[in-house]
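Sequence order for the protein chains is A and B.
Under full-length UniProt numbering, the first residue of the first sequence is numbered 1, with each subsequent residue one higher.
Under full-length UniProt numbering, the first residue of the second sequence is numbered 1, with each subsequent residue one higher.
Even for Gly, the Cβ is constructed at its ideal location relative to N, Cα and C.
This structure is a prediction, so every number in the text was calculated from the model and none was measured.
One structure is given below, encoded as structure tokens.
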Amino acid sequence: MDCQDEVNCGLHLVIQTSSLPEKSKVEFKLNKDTSSFPGRLLQHDLERNYSSRQGDHINLVSSSLSSFPILQRSSEEKILYSDRLSLERQKLTVCPIINGEDHLRLLNFQHNFITRIQNISNLQKLISLDLYDNQIEEISGLSTLRCLRVLLLGKNRIKKISNLENLKSLDVLDLHGNQITKIENINHLCELRVLNLARNFLSHVDNLNGLDSLTELNLRHNQITFVRDVDNLPCLQHLFLSFNNISSFDSVSCLADSSSLSDITFDGNPIAQESWYKHTVLQNMMQLRQLDMKRITEEERRMASVLAKKEEEKKRESHKQSLLKEKKRLTINNVARQWDLQQQRVANIATDEDRKDSDSAQDPCQIDGSTLSAFPEETGPLDSGLNNALQGLSVVDTYLVEVDGDTLSLYGSGALESLDRNWSVQTAGMITTVSFTFIEFDEIVHVLPKLKIKFPNSLHLKFKETNLVMLQQFNALAQLRRIDQLTIDPQGNPVVNFTLWKYYVLFRLSHFSMQKINGTEVTQNDMIMAERLFGILAHVASSELPQYRLISILGDARKKQFRYLLESKGKKPGIINEENNDSKRLVGENTNRATLNYTTKDFYNEKLEEIKEKKKFCKTYIEDLVKEATEINMKNEALQKLWPQMFIELVRDAVIEIRNKNSYMKLCLQQITDQK
Amino acid sequence: MLSPERLALPDYEYLAQRHVLTYMEDAVCQLLENREDISQYGIARFFTEYFNSVCQGTHILFREFSFVQATPHNRVSFLRAFWRCFRTVGKNGDLLTMKEYHCLLQLLCPDFPLELTQKAARIVLMDDAVDCLMSFSDFLFAFQIQFYYSEFLDSVAAIYEDLLSGKNPNTVIVPTSSSGQHRQRPALGEAGMLEGVEASLFYQCLENLCDRHKYSCPPPALVKEALSNVQRLTFYGFLMALSKHHGINQALGALPDKGDLMHDAAMDEELERLVVRSKLHRTSWQHRAKEPGAFGFQRREKQEALERVSSASVPTPYHYRWESRE
């Protein structure tokens, strides 16, 4: 019997079964072991697979009546170890019948091959039953063991927890190493202190209510994904969840509510790999003293709370960020929608006007190919319908102003007013890129002076959906201090379709020496080409204009610049002086181009309106002059015609008068005396 | 000066024919508008400059459209200015769309109507897709006809429509030898096969038009010449023929012949000078400007460079002073 060497105290049994032939008789020799077994049963001893050190002489005799072997001990043994019996490693396949030992309290069947728990119902005083390492498939045969306190069924083949109803005094239940999939039928075990369900097939933990005395729960090496009901265990102190499948703290959230827990293990779970693992656990379970078999220090706790707070902050921040982003997206969509409507409306008006003006002989003029077809009647009601729909929308902003590091983005024409805000010098100084979207370029033109003053470092301008249609409009950009880069997005800016637009920009804004247009570098050749194409225009515009025109055009430009200052509030004297210098510098910028200005359509029409009065006056004034002149001319001509006749008459009258010398002399004297 | 025909006209008519009043009114209006600036250097000088510029044809630059089209002389000046300024574009060989040409026109006249440009484009493209690219010379000559003779062309269009629909606008036919040859209107069924109208009939109506109306029209003789070798013509064919006719171009006197369109020796010289200067300007600027340091530093450099550049090209106006930033 080789196995005897491993055992402290072996039992040699002689088993005889009737069903087996003689030669299978197995003889067990009993060894006398002098080591004494502690007389008292200590509580903690029961928790371990204790090896019974007995020096029994046991005989198993076959009974002729049944197939079960019958156990017999020598009376010596019976007296010495009256309350305990150890049948460890006896190669038992069934539980033998134990007669005459009804006072037994400890029974050890470790390391056998027992498949069913049987023949022990008579041992009603049993306190500890150890069936570790057998082949038991079902818990049964325990219903009479009402005093049982320790039940060790580890390393068997049990698939289900059942038939423990009467074991109300159970203190330790060890079911590790089985095939249990569900925790059940233990709710009545109100004295249970230790429950070992390690190395089973549990996938979740619940149904633990009623275990009012449980202090230790071992669930290592299962497949647990979530834990519930632990907060219903008022005495639970140690919970071992190592090597399971827990991945988030939410799935074990009930642990936070358990005030008795002081020791917990999570190692071997996915959750233990997370960066937030330690401090989340510590933060949520302030009552813990030990985590993963290591004591928790004050320092760790402090770190945990700090980190947890940071996590909270971060989460709040990102939530806020995503809210903001959403709001921004909605606003931009709203602005885009309004922009589209506006464009369609403008196009429809233009179609109407063109229809009125165009010749009957010619087709109605086509405008931008992208607009709707020219059916103003149809789109009228549609337009109002859309309008109504818009008004029904929840209140969303109609414009958006966003500062993102060095970029200022403006969406919608309402955003232009934001340039009036009190920008901090630091923020304003950092802005190098200004982007305009969904705003009419003509409206942007009016705020360019403001831009120049408030954001002096803006070097890159971007325009998208701003209705840039004419090369002329680029003239307006000349008034800025400096532009290094210009980006004109083709979307919503028809001017980009022109072949010459880039050259014109380079020509008109040559004093900026721009580096990039729409992302591509500006080369020396580009500049030369621009000069070649439009140089003569500049020459004509400067040297061939009469002096007074030069002055009036430039004067207009200056007046426009000052208009902003006059309108702005809270101007400082320093700024005005700078403006003065600036405008003089503007003049000096490049006089041969400075006359190429851009006046927005509205302003232009305004000016023409103003001139109308003057024109009328001039007309009448000139008419008067002409009238006078023609009258004088007529009189002159009449005189020319009549003069010969008049002359002759004059001469004739004179001759007639002098014909009679005497009477003439008398007449003359008469005249002289009359005069006196 | 004192020719009998001139004295034969009553005063108003004479003045009107020469458009003297237009210019007088405009001059006074300009004076009123820029009172403060002009009073600085004297009214007499102003009038001198004004009428000098009228003679030179620079008075229409950057003026409103109503003024630009007011007199034939203005129109001619405008055409000439357009040619001179943008000849380089044509020389470069770029083909542009109607919209782009319109843009160029607007650079010189901010409120130039799109209509006219569109009509001109239709002449070039024979009423086909209006978005096609056109060469500079084609466009310019067509535009010349359209712009200078715009009222005339409107009436011609009306006449054409009438003829096309079979009505003869001449209720009173001038008794000429050709009246007996009055052809029958084409039957409706044949309308599709015969395009346009009879050249000779068309010409008769035009002649009457020229006689009847006072606004400028092309010399009838030249028109006859243009129509001489065609039997039938369409409206746009007619306009195209007009625009390509050298004689009419010369009669107008605004633009050189097609062959010489791209040549302008004086301007080319000037342009070369400008290009060289801009090259210098840019290299000197690039030379000096290192990393964008303090703003003031850069500005100063540019200022100096500019001073050198601009002073040569433009006679420094007396009341602008360069700020020296030493």
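Pair within 9 Å by beta-carbon distance, residue i and residue j
i: residue 173 of chain A; j: residue 147 of chain A; result: no
i: residue 145 of chain A; j: residue 129 of chain A; result: yes
i: residue 257 of chain B; j: residue 246 of chain B; result: yes
i: residue 425 of chain A; j: residue 458 of chain A; result: no
i: residue 537 of chain A; j: residue 125 of chain B; result: no
i: residue 177 of chain A; j: residue 155 of chain A; result: yes
i: residue 292 of chain A; j: residue 265 of chain A; result: yes
i: residue 97 of chain B; j: residue 128 of chain B; result: no
i: residue 227 of chain A; j: residue 214 of chain A; result: no
i: residue 282 of chain A; j: residue 271 of chain A; result: no
i: residue 205 of chain B; j: residue 163 of chain B; result: yes
i: residue 504 of chain A; j: residue 461 of chain A; result: no
i: residue 595 of chain A; j: residue 532 of chain A; result: no
i: residue 196 of chain A; j: residue 175 of chain A; result: yes
i: residue 170 of chain A; j: residue 199 of chain A; result: no
Local conformation of residue i per DSSP, three classes
i: residue 84 of chain A; result: strand
i: residue 313 of chain A; result: helix
i: residue 303 of chain A; result: helix
i: residue 659 of chain A; result: helix
i: residue 24 of chain A; result: With a pLDDT of 34 at residue 24 of chain A, under the threshold of 50, the predicted position of this residue should be treated as unreliable, and no value is reported.
i: residue 112 of chain A; result: coil
i: residue 134 of chain B; result: strand
i: residue 149 of chain B; result: coil
i: residue 291 of chain B; result: Its pLDDT being 43, under 50, residue 291 of chain B is placed unreliably by the model, and the measurement read from it follows with that caveat. Here residue 291 of chain B sits in coil by DSSP.
i: residue 197 of chain B; result: strand
i: residue 151 of chain A; result: strand
i: residue 185 of chain B; result: In this predicted model, residue 185 of chain B has a pLDDT of only 39, less than 50, meaning its place in the structure is not dependable enough to derive any value.
i: residue 331 of chain A; result: helix
i: residue 73 of chain A; result: strand
i: residue 319 of chain A; result: helix
i: residue 192 of chain A; result: coil
Cross-chain neighbours of residue i in chain B, by beta carbon under 8 Å
i: residue 546 of chain A; result: 49, 50, 52, 53, 58, 59
i: residue 322 of chain A; result: None at all; the shortest Cβ gap to chain B is about 37 Å.
i: residue 595 of chain A; result: 62
i: residue 615 of chain A; result: 25, 29
i: residue 528 of chain A; result: 275, 278, 279
i: residue 432 of chain A; result: None at all; the shortest Cβ gap to chain B is about 10 Å.
Under 7 Å by beta carbon: chain B residues contacting residue i
i: residue 619 of chain A; result: 25
i: residue 470 of chain A; result: 103, 106
i: residue 535 of chain A; result: 271, 274, 275
i: residue 325 of chain A; result: None at all; the shortest Cβ gap to chain B is about 33 Å.
i: residue 531 of chain A; result: 274, 275, 278
i: residue 664 of chain A; result: Per Cβ cutoff of 7 Å: no residues; residue 664 of chain A is ~42 Å from chain B at best.
i: residue 461 of chain A; result: None at all; the shortest Cβ gap to chain B is about 17 Å.
Per-residue contacts from residue i into chain A (C-beta, under 7 Å)
i: residue 71 of chain B; result: The premise fails here: residue 71 of chain B is roughly 15 Å from chain A at the closest Cβ pair, so nothing lies under 7 Å.
i: residue 100 of chain B; result: 498, 499, 500
i: residue 88 of chain B; result: 532, 533, 536
9 Å Cβ cut-off: residues of chain B touching residue i
i: residue 604 of chain A; result: 64, 110, 111
Proximal residues of chain A, C-beta to C-beta of residue i below 9 Å
i: residue 74 of chain B; result: Simply none; closest approach about 15 Å.
i: residue 94 of chain B; result: 499, 500, 533
Residue i: contacting residues in chain A (beta-carbon distance under 8 Å)
i: residue 34 of chain B; result: 548, 551, 552, 555
Minimum length 3: unbroken beta strand (DSSP E) runs contained in the segment 445 to 489 of chain A: 460 to 464, 485 to 488
In chain order, which beta strand (DSSP E) runs of at least 3 residues are fully inside the segment 477 to 557 of chain A? 485 to 488
Three or more C-beta pairs under 8 Å: does that hold for the segment 43 to 63 of chain B against the segment 647 to 658 of chain A? no
Hey, which unbroken runs of the alpha helix (DSSP H) at 4 residues or more fall wholly within the segment 94 to 130 of chain B? 98 to 108, 114 to 125
At a cut of 8 Å, does the segment 193 to 204 of chain A reach the segment 218 to 238 of chain A through at least three beta carbon pairs? yes
Inter-stretch contact at 8 Å, needing at least 3 Cβ pairs: the segment 87 to 107 of chain B / the segment 33 to 40 of chain B: no
Which full runs of the alpha helix (DSSP H) of 4+ residues lie inside the segment 263 to 306 of chain A, going along the chain? 277 to 284
Does the count of Cβ pairs from the segment 415 to 432 of chain A and the segment 445 to 452 of chain A closer than 8 Å reach three? yes
Every unbroken alpha helix (DSSP H) inside the segment 213 to 257 of chain B [4 residues or more]: 220 to 227, 235 to 244, 246 to 252
Segment contact, 8 Å Cβ cut-off, at least three pairs: the segment 472 to 487 of chain A with the segment 111 to 126 of chain B: no
Between the segment 627 to 640 of chain A and the segment 505 to 517 of chain A, can you find at least three pairs of beta-carbon atoms closer than 8 Å? no
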